[in-house]
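Q: In our numbering, the protein residues as written are 71 to 335.
Sharing a structure here in structure tokens format.
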């Protein structure tokens with residue numbers, strides 16, 4: 071089975087994909103299961119799960135939770151919202167709900183477990199020991215310089231490496247996926263049990279380039295202080311409308327080339 075284990079819809083503050091668009095994208099790319107990991111929001115309903123299942127896609131109720139220090143933690147197979155707070159409480163809440171734990175973009179400055187200067191050595195070690203998965207590849211942050219460290223951490227703490235798109239726009243869904251040799255599950259419990267044990271294979275869409283590496287000069291220019299001060303004066307509703315229009319055009323161009331997958335070395 072092919073999994074997308076980190077993505078967002080418009081229910082996240084920075085997402086631009088409808089749930090219907092997410093399901094359609096998974097069908098287009100042959101993705102069997104997708105974890106909808108909204109930022110600090112839990113919004114999937116039983117109706118959503120049934121609707122996706124009827125289209126051949128298994129939705130994994132999930133959440134990307136922000137700790138009190140800004141670190142992100144993902145919980146798979148949860149059934150209610152998890153409050154922000156200390157990382158140990160978040161990990162305990164995921165386990166209390168019978169969930170699995172993933173460490174996303176571990177070296178990303180600020181939101182990565184190992185990229186946050188406020189994370190203590192004790193907190194890092196405890197989180198790694200409790201987790202089930204660690205992202206070796208993330209579509210929103212280039213982890214290629216950290217491959218040796220991530221593999222070492224996975225080996226020491228018994229984590230399984232995954233690759234995930236961290237998609238916020240529809241065409242980004244499935245750019246990085248994880249494959250597990252599982253039979254098609256008949257219920258969430260069977261899928262959770264299988265995911266907790268199955269070996270993982272990491273795949274990328276052929277021709278995929280990290281978002282960081284493909285940034286143009288103008289995209290880097292947008293992060294300057296004075297540009298950000300200028301753009302902050304534009305109403306958010308207007309900025310979002312412009313982005314949705316632009317993303318729609320990009321999505322139409324994107325579908326002109328079918329996606330094929332290849333193994334990540």
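Think of the CB as a built atom: it goes at the ideal place given N, C-alpha and C, for glycine as much as any other residue.
In this text the structure is predicted, and so the values were computed from the model without any measurement.
Per DSSP, which residues does residue 131 bridge with? Please list them.
A: Locating residue 131 in the chain shown gives position 61, counting from the first residue. Its beta-bridge partners are 106.
Q: Any contact between the segment 82 to 95 and the segment 184 to 192? By contact I mean 3 or more CB pairs, one from each, below 8 Å.
A: no
Q: May I ask which residues mark the beginning and end of the alpha helix (DSSP H) holding residue 20?
A: The structure shown does not extend to residue 20, since the chain spans only 71 to 335, so no value can be given for it.
Q: Use the C-beta contact count for residue 239: other C-beta atoms within 10 angstroms, 16 or more gives buried, fewer gives exposed.
A: Working through the chain shown from its first residue, we reach residue 239 at position 169. Under this definition residue 239 is a buried residue.
Q: Would you tell me roughly how many angstroms separate the C-alpha atoms of residue 275 and residue 237, rounded to the nearest one?
A: Translated into the one-based positions of the chain shown, residue 275 becomes position 205. Translated into the one-based positions of the chain shown, residue 237 becomes position 167. Between residue 275 and residue 237, the C-alpha separation is close to 13 Å.
Q: Within 10 angstroms of its Cβ, does residue 235 collect 16 or more other Cβ (buried), or is it exposed?
A: Counting from one through the chain shown, the residue named residue 235 turns up at place 165. Buried is the call here.
Q: Whole angstroms is fine: what's the gap from residue 114's alpha carbon to residue 146's?
A: Mapped onto the chain shown, residue 114 falls at position 44. Mapped onto the chain shown, residue 146 falls at position 76. About 12 Å.
Q: Quick check: the segment 112 to 131 against the segment 205 to 219, are at least 3 beta-carbon pairs closer than 8 Å?
A: Put simply, the segment 205 to 219 does not touch the segment 112 to 131. Fewer than three CB pairs are less than 8 Å apart.
Q: Could you round the C-beta distance between residue 182 and residue 175 to whole angstroms and report it? I think they count as a contact, below 8 Å.
A: Here residue 182 is taken as the residue at index 112 of the chain shown, counted from 1. Here residue 175 is taken as the residue at index 105 of the chain shown, counted from 1. Confirmed, about 5 Å.
Q: Below 8 Å on the Cβ atoms is my guess for residue 242 versus residue 76; work out the distance and round it to an integer in Å.
A: Numbered from 1 along the chain shown, position 172 holds the residue referred to as residue 242. Numbered from 1 along the chain shown, position 6 holds the residue referred to as residue 76. Not confirmed; about 11 Å, so no contact.
Q: Please classify residue 152: does DSSP put it in a helix, a strand, or coil?
A: Your numbering for residue 152 matches position 82 in the chain shown. Three-state result, residue 152: coil.
Q: Since residue 227 is in the beta strand (DSSP E), which residue starts that stretch and which ends it?
A: The residue you call residue 227 lines up with position 157 of the chain shown. Taken as a continuous stretch (DSSP letters only), residue 227 belongs to no beta strand (DSSP E), being part of the alpha helix (DSSP H) at 217 to 227.
Q: Buried or exposed for residue 335, please, with buried defined as at least 16 other CB atoms from any protein chain shown within 10 angstroms of its CB.
A: Position 265 of the chain shown, counted from the start, is the residue given in the question as residue 335. By the 10 Å Cβ count, residue 335 comes out exposed.
Q: So residue 121 is in the alpha helix (DSSP H); what residue range does that whole segment cover?
A: Your numbering for residue 121 matches position 51 in the chain shown. Per DSSP, residue 121 belongs to the alpha helix (DSSP H) from 116 to 124.
Q: Compare the C-alpha of residue 109 against each of 94, 131, 100 and 117 and name the closest.
A: Locating residue 109 in the chain shown gives position 39, counting from the first residue. Ranking 94, 131, 100 and 117 by Cα distance to residue 109 puts 131 first.
Q: Mapping DSSP to helix, strand and coil, what is residue 183?
A: As a first step, residue 183 must be located in the chain shown, where it is residue number 113. In the structure shown, residue 183 sits in coil (DSSP, three-state: anything other than H, G, I, E or B).
Q: Which residue from 144, 148 and 149 puts its Cα closest to that of residue 157?
A: Along the chain shown, read from residue 1 onward, the residue named residue 157 stands at position 87. Comparing Cα-Cα distances from residue 157 to each of 144, 148 and 149, the minimum goes to 144.
Q: Examine chain C for any beta-carbon lying closer than 8 Å to the beta-carbon of residue 153, and answer yes or no.
A: The displayed structure is made up of one protein chain only, and chain C is not part of it.
Q: Among 141, 217 and 151, which residue has its Cα nearest to the Cα of residue 193?
A: To locate residue 193, count along the chain shown from 1; it is residue 123. The residue with the shortest Cα to Cα distance from residue 193 is 141.
Q: If you draw a straight line from the C-alpha of residue 226 to the C-alpha of residue 307, how long is it?
A: Locating residue 226 in the chain shown gives position 156, where the first residue counts as 1. Locating residue 307 in the chain shown gives position 237, where the first residue counts as 1. Between residue 226 and residue 307, the alpha-carbon positions lie close to 46 Å from each other.
Q: With DSSP collapsed to three states, give me the class of residue 80.
A: Start at 1 with the first residue of the chain shown, and residue 80 comes out as number 10. Coil, per DSSP.
Q: Over the uninterrupted beta strand (DSSP E) stretch that includes residue 250, give me the two end residues.
A: By one-based count along the chain shown, residue 250 stands at place 180. First-last of the beta strand (DSSP E) with residue 250: 246 to 250.
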